[in-house]
Amino acid sequence: MGGRLPPAGLGVLVLAQICYPLTTGPARAGLTVATVVLGYLLSVGHALLSRGPRAAAALVAVATGGGFAIEALGVATGFPFGSYDYSGELGPKLAGVPLIIPLAWTWMAWPAWLTAARLCPPGVGRVALAAVGLAAWDLFLDPQMVAEGYWVWRDVTPALPGLPGVPVSNYLGWLLFAVLLMAVLRPLAGPVIDHADSRDDPMFALYLWTYLSSILAHAVFLGLPASAVWGAAGMAVAAGPLALALVRERRERRPRRPADATA
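If you're matching positions, the sequence shown starts at 0 in numbering that gives the first Met the number 0 and goes up one per residue.
Set out below in structure tokens:
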């Protein structure tokens, strides 16, 4: 069972994301909510099945609970992201925050952590890479969601070139929160999350799929070429080394042909 649930869930998630550009209006908003819930269940389910209840509970406490708290603070005060408001299109709200928003950060926090665990030894470097791997996703996400009208920024200056609807403070705020999240996750989850292995292949696939599909969607289907470039550059910090490491590992696992006895 533990080996089947994440790959099956990943397949459904991929199908839902492929359908996203084919929808509009309320149907697209509903698909967005469904995709986030599916991604959340996939990541938390993988944490539970591969690392146990403590790791899953730590992920939920830090990413879901912490994500909601920082969002509620941001909506109420403008710190640390800047001043913004959510529309009503993403479902029920609590303290002005749609309930699916912290689920989204949980969804990507787990594969970002495992990617860093695959690439870096324990320590500051691992926390930094995991934080960048998570926060850089917002270079895709925020311009896309703003374009859909799911939230709006009151003050969008200064902004990154080509991304006029989102202030730089948003990305810096998410990087700060991602650092705190990743720094706290390991002590709460325990040593079971120190190492990544073949059990985590579905999460690596999820991270790389998110990266590559986001580039394609923004550049071709969503009319957001600037966020395609910014997101590609930002997430490449983690996605690039991960892809290279997986290719190298696959080559090392490939059985060598026996030498030709007649040579």
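Cβ coordinates follow ideal geometry from the N, Cα and C atoms, glycine included.
Quick caveat: nothing in here was measured; it's all calculated off a predicted structure.
Enumerate in chain order the residues of its own chain whose CB-to-CB distance from residue i is below 7 Å, with the five nearest sequence positions on each side excluded.
| i | result |
| --- | --- |
| V61 | L180, V183, L184 and L187 |
| T22 | L30 |
| M144 | W150 |
| A195 | L113, A116 and R117 |
| D259 | With a pLDDT of only 49 at D259, under the threshold of 50, the placement of this residue in the model should not be trusted; the figure read from the coordinates follows. So the list is empty, once near-sequence residues are dropped. |
| V43 | A55, L58, V59 and T105 |
| S212 | Q16 |
| L279 | Since the first residue shown for the chain is 0 and the last is 262, residue 279 is missing from the structure and cannot be characterised. |
| L140 | none |
Would you mind stating whether residue i and residue j have Cβ atoms separated by less than 7 Å?
| i | j | result |
| --- | --- | --- |
| A232 | Y210 | no |
| L138 | W208 | no |
| F148 | S86 | For the sequence presented, residue 148 should be read as Gly rather than Phe. Yes, the pair counts as a contact, with Cβ atoms nearer than the cut-off. |
| L223 | P91 | no |
| L118 | P240 | yes |
| A54 | V191 | yes |
| G77 | N169 | no |
| V96 | V126 | no |
| L205 | L9 | yes |
| H45 | M234 | no |
Tell me residue i's beta-bridge partners as DSSP assigns them.
| i | result |
| --- | --- |
| V96 | L93 |
| D84 | V151 |
| P240 | DSSP output for P240 lists no bridge partner at all. |
| A158 | P166 |
Within its chain, find whatever has a CB closer than 6 Å to the CB of residue i; leave out the 5 residues flanking it on each side and keep chain order.
| i | result |
| --- | --- |
| A94 | A71 |
| A227 | I214, H217 and A218 |
| L98 | P91 |
| D199 | L113 |
| W173 | A134 and D137 |
| P157 | V167 |
| S129 | Before going further, note that residue 129 is Ala rather than Ser in the sequence given. Within the same chain, A129 has close Cβ partners A111, W112, A115 and M181. |
| P236 | In the sequence under discussion, the amino acid at residue 236 is Val, which differs from the Pro named in the question. Closer than 6 Å at the Cβ level, and outside the excluded window around V236, lie V131. |
For residue i and residue j, I'd like the C-alpha separation in whole angstroms.
| i | j | result |
| --- | --- | --- |
| D124 | C18 | The question names Asp, but residue 124 in the sequence shown is Gly. Their Cα atoms are separated by approximately 37 Å. |
| A177 | V131 | 7 Å |
| P254 | L58 | 37 Å |
| R153 | P101 | 21 Å |
| A134 | T63 | 15 Å |
| T261 | E251 | Legend: pLDDT at T261 = 47, less than 50; position of this residue unreliable, value from coordinates given subsequently. Cα-Cα distance, rounded: 26 Å. |
| W109 | P166 | 26 Å |
| V36 | L12 | 10 Å |
| A33 | R249 | 33 Å |
| R27 | A68 | 27 Å |
| A103 | A146 | 18 Å |
| P25 | L89 | 10 Å |
| A225 | V155 | 16 Å |
| Y83 | G65 | 19 Å |
| L245 | P20 | 29 Å |
For residue i, collect the residues of the same chain with a Cβ closer than 8 Å to its Cβ; drop the 5 residues on either side in sequence, then sort them by chain order.
| i | result |
| --- | --- |
| G189 | R53, A54 and A57 |
Threshold first: 4 residues or longer. Then list the alpha helix (DSSP H) segments lying entirely within the region 203-252, N to C. Entirely contained in the region 203-252, the alpha helix (DSSP H) runs reaching 4 residues are, in chain order, 224-252.
Those runs of the alpha helix (DSSP H) which lie wholly inside the region 29-60 and span at least 4 residues: Inside the region 29-60, DSSP marks whole alpha helix (DSSP H) runs of 4 or more residues at positions 52-58, from first to last along the chain.
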